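Residue numbers for the sequence shown follow my numbering, beginning at 1 and rising by one.
All C-beta atoms, glycine included, are put in the ideal place defined by N, C-alpha and C.
The structure presented is a predicted model; accordingly, all values stated were derived computationally and were not measured.
Here is the structure we will look at.
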Amino acid sequence: MILFNLITTIHSLRPSPCELMGSISLCPSPSRLQLAILYITLGLASLGVGGIRFTIATMGAAQFDKPKNQRAFLSLYFLAFYVANGTGLTAMIYIEDNVGWNLAFRICLVSNVIALKRNISGTFGNRDYYYGSVETTNILGDGSSKSLRWLNRAALKVEGDHERQSNQSNARSWKLCTVQEVEDLKTLVKIIPFWSSSILLSATLSMFTNMVILQALTMDRHIGPHFQVSASSFIVFNLISIAFSLLIIDFFIIPTWKKFFPNRPLTLIPRIGIGHVINILGLAASALIERRRLHVVRTHRLSSISIVPMSALWLLVPLGVLGIGEALHFTGNIMLYYQEFPKSIKNSAGAMVAAVLGIGYYLIIAITDLVQKTTGWLSNNINNGRLDNVYWMLAVIGVVNFGYYLICAYKYRYVEKSNDNPNDSLG
C-alpha cells in the first residue's frame, strides 16, 4: 500500500497523462523503471493477500475448542470478507472515479495499518496454533488404520534404527515416523481428490465473472431514468447473494435442521455437492439469458458497438444463483479441510482453497485460448460471437466435474474423532 501511495503521489513514478489531439488521445508509454516499480508493487500485494486472506480464517477458528464455535467464526469471517469485497467494488471505486486515486489508496493504507496494529496487539493473547511434536513414542503398532497400509512402512523400525536413536540422544531419526504422522499423511492423501474436484469449479466461475462484465457492457444498465450501474459493479450483486446466503444457511437452515433432526446432523460433503449442482444451474441460466440477448441483437440488426435494448438486470438471475452455490461449496470446502486436517496443519485449510483459486485462474486462460483457436464463440465483440455456447460448455464441464465429485464423496470416509460430538459438526 505504501508503494501504491507513492506511485499516485510522485509524478515520476507513473506515466504522464494522455494528451487529446483532436479526436485522438495520445498516451506516453511507461518507462522501464515505472513498470518495474508497478510489477514489484503488484507482486508484494499478491504475496500479502495470499498470506492472510484465507489462512487468517483458520487461525481464528483455532482459538475455539468446539466445532460449533469454529463453524460460527468461519461463517462470520466469510460474511465480513464478502461485505468488504462489496465495499471495495462500490465505495472505493466511486472514490477513485470521482475524488481521486490518492485518497482511495490512502484509505487502504490506513486500513492496513489499523489491521496490523490490531493483529500485533493480539498476538500475545492468541492461542498457539501449531501442534507439531517431536516425540519418539507411538511407533507403528495397534494405532494404525487399515487404509493406505503401504504408508505404514514409514513407522516401522528397521535394523540400525535403535542404534541410530541411541546415538542421537533425544533426537528422532528423520527416517522413522510416529503413527500419528503417518495417519496425518493418510488424511491428506484421502482428501486430495476432494481438493482436485474444486479446480474445474473454480475455473468455470472465474470465466463467468469475466464474461458477465462483457455482457453488462453491451446491455441497458439503467435503473430508472437517471441512474446507470457500472458494468464492473454487477459483481457486487453476486457478493450480496453470497452474504445473504451465508446468513440464511448458517443461522437459519442449519439450526432449524438440528432442531427437527437432532440425530441426523448436516454434513459438509452434501453441502458442497449441492453447491456444485446450483452452480451448474447458474451457468445454464447464463446460457439462456445470453441466447436471448443474441436473439435481440439479430432481431434489431444491431451493429457490433450498439447497446442491446435488453435490461442488464437479467444478469442478476445467474449472479444470484451462483452466489448461493458459492456460499455452499466455497465455505463448505474450507470447513471440510479444517475439520478433517490433522492438528499440525489445520491452518493450511484456507491455503488449500487459495491454491485451487490460483490453479483455476491459470486453467481458464488455457481454456479461453483453446476456445478462441478452435471456435468462433469468443469474438472480439460478443455481439458477433456465441457466448451462450461458452456457457453451455462450462455447464457441461460442471456436470462432468460433479460426477467426479460424487465418486470422491462415495469413496471418502470422515476422519474418526472420538472426542467430537457429531451434533457439533462444522456442517
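Taking Cβ positions, are residue i and residue j nearer each other than 8 Å?
i, j, result
"N333", "I254", "no"
"S241", "N401", "no"
"L336", "S75", "no"
"A312", "F234", "yes"
"I114", "A104", "no"
"A61", "Y414", "no"
"A351", "F341", "no"
"I278", "G325", "yes"
"Y391", "A231", "no"
"H399", "I269", "Strictly speaking, residue 399 in this sequence is Val, with His absent from that position. The answer is no: Cβ separation not under 8 Å."
"I7", "I40", "no"
"P17", "S29", "no"
"A216", "L315", "yes"
"L302", "A395", "no"
"V356", "I199", "yes"
"L428", "L322", "Absent from the structure is residue 428, since the part of the chain shown begins at 1 and ends at 427."
"L33", "L3", "no"
"Y361", "F194", "no"
"I367", "M211", "no"
"V236", "A285", "no"
"M71", "N5", "In the sequence on display, residue 71 carries Arg and not Met. No, they are not a contact pair."
Assuming residue i contacts residue j (C-beta within less than 8 Å), just tell me the rounded distance between them.
i, j, result
"K346", "T58", "6 Å"
"T331", "F73", "With 8 Å as the limit, T331 and F73 do not qualify as a contact, their Cβ atoms being about 12 Å apart."
"N85", "M1", "Between M1 and N85 the Cβ distance is about 17 Å, and since that is not below 8 Å, they are no contact."
"A243", "R53", "A243 to R53, Cβ: 17 Å. No contact."
"N98", "T9", "The pair is not a contact, with the Cβ atoms about 19 Å apart (cut-off 8 Å)."
"L214", "I382", "5 Å"
"H329", "G275", "3 Å"
"A203", "L363", "4 Å"
Would you call residue i buried or exposed, if buried means 16 or more other Cβ atoms sit within 10 Å of its Cβ?
i, result
"E19", "exposed"
"Y82", "buried"
"N170", "With a pLDDT of only 46 at N170, under the threshold of 50, the placement of this residue in the model should not be trusted; the figure read from the coordinates follows. By the neighbour-count rule (16 or more Cβ atoms within 10 Å), N170 is not buried but exposed."
"A227", "The sequence given here has Phe at residue 227, not Ala. By the 10 Å Cβ count, F227 comes out exposed."
"K186", "buried"
"V308", "buried"
"Y130", "Model confidence at Y130 stands at a pLDDT of 48, short of 50, so the residue's coordinates are unreliable; what they give is reported in the following sentence. Exposed, since its Cβ has fewer than 16 Cβ neighbours within 10 Å."
"E135", "Here the model assigns E135 a pLDDT of 44, short of 50, so the residue's position is not dependable and the matter cannot be decided."
"I365", "exposed"
"M21", "exposed"
"F260", "exposed"
"G100", "exposed"
"A80", "exposed"
"D65", "exposed"
"N423", "With a pLDDT of 43 at N423, under the threshold of 50, the modelled position of that residue is not reliable, and no figure is offered here."
"T441", "Residue 441 falls outside the range modelled here, since the chain spans only 1 to 427, and no answer is possible."
Taking residue i as part of the alpha helix (DSSP H), name the residues at either end of that continuous run.
i, result
"V308", "Careful: V308 lies outside any alpha helix (DSSP H), inside the beta strand (DSSP E) at V308 to S311."
"L20", "Run containing L20: none in the alpha helix (DSSP H); it sits in the beta strand (DSSP E), E19 to M21."
"F341", "Where F341 is concerned, there is no enclosing alpha helix (DSSP H), given that its DSSP letter is neither H nor E."
"H221", "Per the sequence shown, residue 221 should be read as Arg rather than His. No alpha helix (DSSP H) holds R221; DSSP gives it neither H nor E."
"K68", "P67 to T87"
"S241", "I235 to I248"
"L394", "L387 to K411"
"Y359", "The amino acid occupying residue 359 in the given sequence is Ile; Tyr does not appear at that position. That run of the alpha helix (DSSP H) goes A349 to T374."
"A284", "L268 to T299"
**Message:** Does the structure place the stretch 221 to 238 close enough to the stretch 370 to 383 that three or more beta carbon pairs sit under 8 Å?
**Reply:** no
**Asked** When the Cβ atoms of the stretch 286 to 303 are set against those of the stretch 397 to 416, are three or more pairs found closer than 8 Å?
**Response** no
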